[in-house]
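Scroll down for the structure; my scribbles are underneath it.
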Amino acid sequence: MFHWERITVLIGKEWLELRRSRGLLLSTFSPPLILPLFALGLIFAMGLVSDPDTAEIPAAAIDPALADLGLEALAQVIFGRQFSTLFLLLPMVIPNVLASYSIVGEKNRRTLEPLLAAPISTGDLLLGKVLAAILPGIALTWLCGLIFAAGLGFVAVDPVVPGLVLHPGWMVILLLTSPILALISVALTVMVSARVNDPRSAQQIAGVLIVPVMLLFFGQMLGLFVLNPAVALLFSLVLALVAVGLLWLATQVFQREKILTRWR
Amino acid sequence: MNAIECHRLTRQFDRLVAVADLDLAIPAGTIFGFLGPNGAGKTTTVRMLCALIAPSSGTARVAGFDVQTQAAAVRAATGILTETPGLYDTLSALENLTFFARLYGLSATQAAERAAHYLRLFELWERRNDPVGGFSKGMRQKLAIARALLHDPPVVFLDEPTAGLDPAAARAVRDVIKTLRAGGRTIFLTTHNLAEADELCDLIGVFRTRLISLDTPANLRARLFGQSVRVVLAGPAAPLAPLVQRLPFVSEVSAEERVLLVRLANPDQHNPALVRALVAAGADICYLEPFTPSLETVYLELIQEAVTVDGAS
Numbered sequence: 063m064f065h066w067e068r069i070t071v072l073i074g075k076e077w078l079e080l081r082r083s084r085g086l087l088l089s090t091f092s093p094p095l096i097l098p099l100f101a102l103g104l105i106f107a108m109g110l111v112s113d114p115d116t117a118e119i120p121a122a123a124i125d126p127a128l129a130d131l132g133l134e135a136l137a138q139v140i141f142g143r144q145f146s147t148l149f150l151l152l153p154m155v156i157p158n159v160l161a162s163y164s165i166v167g168e169k170n171r172r173t174l175e176p177l178l179a180a181p182i183s184t185g186d187l188l189l190g191k192v193l194a195a196i197l198p199g200i201a202l203t204w205l206c207g208l209i210f211a212a213g214l215g216f217v218a219v220d221p222v223v224p225g226l227v228l229h230p231g232w233m234v235i236l237l238l239t240s241p242i243l244a245l246i247s248v249a250l251t252v253m254v255s256a257r258v259n260d261p262r263s264a265q266q267i268a269g270v271l272i273v274p275v276m277l278l279f280f281g282q283m284l285g286l287f288v289l290n291p292a293v294a295l296l297f298s299l300v301l302a303l304v305a306v307g308l309l310w311l312a313t314q315v316f317q318r319e320k321i322l323t324r325w326r
Numbered sequence: 341m342n343a344i345e346c347h348r349l350t351r352q353f354d355r356l357v358a359v360a361d362l363d364l365a366i367p368a369g370t371i372f373g374f375l376g377p378n379g380a381g382k383t384t385t386v387r388m389l390c391a392l393i394a395p396s397s398g399t400a401r402v403a404g405f406d407v408q409t410q411a412a413a414v415r416a417a418t419g420i421l422t423e424t425p426g427l428y429d430t431l432s433a434l435e436n437l438t439f440f441a442r443l444y445g446l447s448a449t450q451a452a453e454r455a456a457h458y459l460r461l462f463e464l465w466e467r468r469n470d471p472v473g474g475f476s477k478g479m480r481q482k483l484a485i486a487r488a489l490l491h492d493p494p495v496v497f498l499d500e501p502t503a504g505l506d507p508a509a510a511r512a513v514r515d516v517i518k519t520l521r522a523g524g525r526t527i528f529l530t531t532h533n534l535a536e537a538d539e540l541c542d543l544i545g546v547f548r549t550r551l552i553s554l555d556t557p558a559n560l561r562a563r564l565f566g567q568s569v570r571v572v573l574a575g576p577a578a579p580l581a582p583l584v585q586r587l588p589f590v591s592e593v594s595a596e597e598r599v600l601l602v603r604l605a606n607p608d609q610h611n612p613a614l615v616r617a618l619v620a621a622g623a624d625i626c627y628l629e630p631f632t633p634s635l636e637t638v639y640l641e642l643i644q645e646a647v648t649v650d651g652a653s
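The listed protein sequences correspond, in order, to chains A and B.
Here our numbering is used: the first residue of the first sequence is 63, the next is one more, and so on.
Here our numbering is used: the first residue of the second sequence is 341, the next is one more, and so on.
Here it is as structure tokens:
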């Protein structure tokens, strides 16, 4: 049973600390906002080039919905689809950075013991830390997705391009997979936090986190699959199982006694 | 009623025994001084009593709650000042206190009231909106003590509460501790400042993995040094020591420069005979006074005894 009042108090404190850390705030939240603008710019540029080789790209060949498109529109769709999977990096990187500062930072500043001495369960404490880290990441991912979706209509050379880039599979990825990836990211960060004393060391785990996104990215590019809703749901389901396992492991690491006696 | 009770409380980390068979009974409203060298297991004991870590064996009740089965209730009923203040540097003093007050279950209004009360009490009110990162060590320590008291806990654990404070601030903290006792709270004071322990504590526990001794400061002194008098002479004291040692009512005597330290069964009864014997031996007595050893002397004696016993076994 969670005590939401205490959890929200903890989240409030975490976000207040974040707001006061201007450097962290700017360096974490500004670059992601550039991503959709950069993507839109490139998609716009793709619409200016007519390259016959575009039709030979495996990703174009396996999706019948792309068969009747002109070369410029086809280039925009293929590039847009590739780029849209990269939005999945955001819900992993941002929570990873926030959680590492939140947990390793508390450990370094030796603020964890007074916190652990309070009558808040470790479940509430962990959930508060997790939510404080993932909610901004998910919100920013969705905001970037929204900017990307809104801008696509302006740069598309054909009115069908936005619908083919922002297909239902991508929606599933954005709305369902990104929170799951955020959870995985934070769970791994918690586990790594027990062993490291520097937030940047805890952030190295992000290197492992990009693997599933790269699988999607290259899988689509090589024409191994079309990211339709079924594939997206299957992908989400596998990640959800991984997330559950990692969160369970994180709760085993995040115990009062272990934090006070084993964390170094 | 006892505020803290332990029975054979033990904590082992792998093969290292940090706390062994600790038996304690601390009445409510007592200031208990927990003294021991670094690495003695004091922090581990406090962590067990605050339900932060579990004992390997034995039992403990704090404020009437079992530390193992009622851990959340124990944490709600205790306040703790840890070795380091552990404050959030980017938050203001007021934000630090209200955050913890809310975490301890106080409403927003209560949290604001209590925070304001303690900020005024510790003379931090004028700096309430400043980030704690800019505070001096003493200000941080006072704020951390305020945090331990916010939720009005019946039992408060204070680890070196006056460390790093200037004399005036240390005095203010000691006065607050006395006020807390007057209000019926139990204070578990871990300190290396033995003069402070002597001034504040009703009960002293000397600890080195095991509890070496538990008593009032006066009884500890009496037990170790009995009732002693200090005789200050005009000349060297050493030649007179054998004579004094032969007196039937003297149990122990030591001499240092012009001072004889004489342990007697009953000074009121035996002092006149002691003086007569010294004068008869030709001693010029400047003055004679009761000898009260400092708590530091008592502590060092007890620790030395424990080291000797441990070494022998």
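Virtual Cβ for every residue (Gly too), placed ideally from N, Cα, C.
Model, not experiment: these values are computed from the prediction.
Exposed or buried, what is residue i when buried is set at 16 or more other beta-carbons lying within 10 Å of its beta-carbon?
i, result
"glycine 231 (chain A)", "buried"
"aspartate 130 (chain A)", "exposed"
"threonine 90 (chain A)", "buried"
"cysteine 390 (chain B)", "buried"
"glutamate 463 (chain B)", "exposed"
"threonine 519 (chain B)", "exposed"
"arginine 525 (chain B)", "buried"
"alanine 264 (chain A)", "buried"
"aspartate 186 (chain A)", "buried"
"arginine 548 (chain B)", "buried"
"valine 258 (chain A)", "buried"
"valine 273 (chain A)", "exposed"
"lysine 477 (chain B)", "exposed"
"alanine 574 (chain B)", "exposed"
"serine 397 (chain B)", "exposed"
"isoleucine 96 (chain A)", "exposed"
For the ligand NAP, any of its heavy atoms closer than 7 Å to the Cβ of residue i?
i, result
"threonine 422 (chain B)", "Absence of the ligand NAP is noted for the structure shown, with no ligands found whatsoever."
Measure how close the beta-carbons of residue i and residue j come, nearest whole angstrom, since I'm counting them as under 8 Å.
i, j, result
"leucine 431 (chain B)", "alanine 484 (chain B)", "About 13 Å; that fails the 8 Å criterion."
"threonine 399 (chain B)", "alanine 358 (chain B)", "No, threonine 399 (chain B) and alanine 358 (chain B) are not in contact; Cβ-Cβ is about 17 Å, not under 8 Å."
"serine 247 (chain A)", "leucine 271 (chain A)", "5 Å"
"leucine 375 (chain B)", "glycine 545 (chain B)", "7 Å"
"alanine 562 (chain B)", "glycine 373 (chain B)", "Actually they are not in contact, since the Cβ atoms of alanine 562 (chain B) and glycine 373 (chain B) sit about 17 Å apart, beyond 8 Å."
"isoleucine 527 (chain B)", "valine 496 (chain B)", "5 Å"
"glutamate 76 (chain A)", "alanine 256 (chain A)", "Actually they are not in contact, since the Cβ atoms of glutamate 76 (chain A) and alanine 256 (chain A) sit about 19 Å apart, beyond 8 Å."
"phenylalanine 279 (chain A)", "glutamine 144 (chain A)", "6 Å"
Quick one, are the C-beta atoms of residue i and residue j less than 8 Å apart?
i, j, result
"alanine 577 (chain B)", "glutamate 596 (chain B)", "yes"
"glutamine 567 (chain B)", "leucine 604 (chain B)", "yes"
"alanine 302 (chain A)", "isoleucine 235 (chain A)", "no"
"threonine 418 (chain B)", "valine 402 (chain B)", "yes"
"cysteine 667 (chain B)", "leucine 356 (chain B)", "Outside the displayed range of chain B (341 to 653) lies residue 667 (chain B), so it cannot be described from this structure."
"glutamine 282 (chain A)", "threonine 147 (chain A)", "yes"
"glycine 142 (chain A)", "valine 254 (chain A)", "no"
"arginine 521 (chain B)", "isoleucine 366 (chain B)", "no"
"serine 112 (chain A)", "leucine 133 (chain A)", "yes"
"leucine 490 (chain B)", "leucine 437 (chain B)", "yes"
"leucine 461 (chain B)", "valine 513 (chain B)", "no"
Which same chain residues end up closer than 7 Å to residue i when comparing Cβ atoms and leaving out the 5 residues on each side of it in sequence?
i, result
"tyrosine 163 (chain A)", "Leu86, Pro261"
"alanine 433 (chain B)", "Leu459, Leu464, Arg467, Arg468, Asp470, Val472, Leu483"
"proline 98 (chain A)", "Cys206, Ile209, Phe210, Gly213"
"alanine 510 (chain B)", "Thr502"
"tyrosine 639 (chain B)", "Leu375, Leu534, Val546"
"arginine 415 (chain B)", "Cys390, Ala391"
"isoleucine 321 (chain A)", "Leu174, Leu178"
Leaving out five residues on either side along the sequence, give the residues of the same chain with a beta carbon under 6 Å from the beta carbon of residue i.
i, result
"glycine 199 (chain A)", "Pro153, Ile156, Pro157, Ala244"
"alanine 292 (chain A)", "none"
"alanine 368 (chain B)", "Met341, Ala343, Thr526"
"phenylalanine 106 (chain A)", "Val217"
"alanine 413 (chain B)", "Phe405"
"threonine 632 (chain B)", "none"
"methionine 108 (chain A)", "Ala137, Gln138, Phe141"
To which residues of the same chain is residue i closer than 8 Å at the C-beta, ignoring the five residues directly before and after it?
i, result
"valine 584 (chain B)", "Val590, Val593, Leu600, Val602, Leu614, Ala617, Leu618"
"arginine 68 (chain A)", "Ile182, Asp186, Gly190"
"proline 656 (chain B)", "There is no way to answer for residue 656 (chain B), as the model of chain B reaches only from 341 to 653."
Could you please tell me which residues of the region 167–178 of chain A, in chain order, have their CB closer than 8 Å to any CB of chain B? Arg171, Arg172, Thr173, Leu174, Glu175, Pro176, Leu177, Leu178
Residues of the region 191–220 of chain A with Cβ closer than 8 Å to any Cβ of chain B, in chain order: none
Check distances from the C-beta atoms of the region 438–465 of chain B to those of chain A and list, in chain order, the residues that come in under 8 Å. Phe439, Phe440, Arg442, Leu443, Tyr444, Gly445
Quick one: which residues of the region 305–322 of chain A get their C-beta closer than 7 Å to a C-beta of chain B? List them in chain order. Arg318, Glu319, Leu322
Select from the region 407–426 of chain B all residues with a C-beta closer than 7 Å to any C-beta belonging to chain A, and list them in chain order. Ala412, Arg415, Ala416, Ile420, Thr422, Thr424, Gly426
What residues from the region 79–107 of chain A come within 7 Å of chain B, judged by C-beta to C-beta, listed N to C? Glu79, Arg82, Ser83
Could you run through the region 387–403 of chain B and flag, in chain order, every residue whose CB is less than 8 Å away from some CB of chain A? Arg387, Cys390, Leu392, Ile393, Ala394
Of all the residues that make up the region 483–514 of chain B, which are near chain A by a beta-carbon distance shorter than 8 Å? Ala484, Arg487
Closer than 8 Å, Cβ to any Cβ of chain A: which residues of the region 530–561 of chain B, in chain order? none
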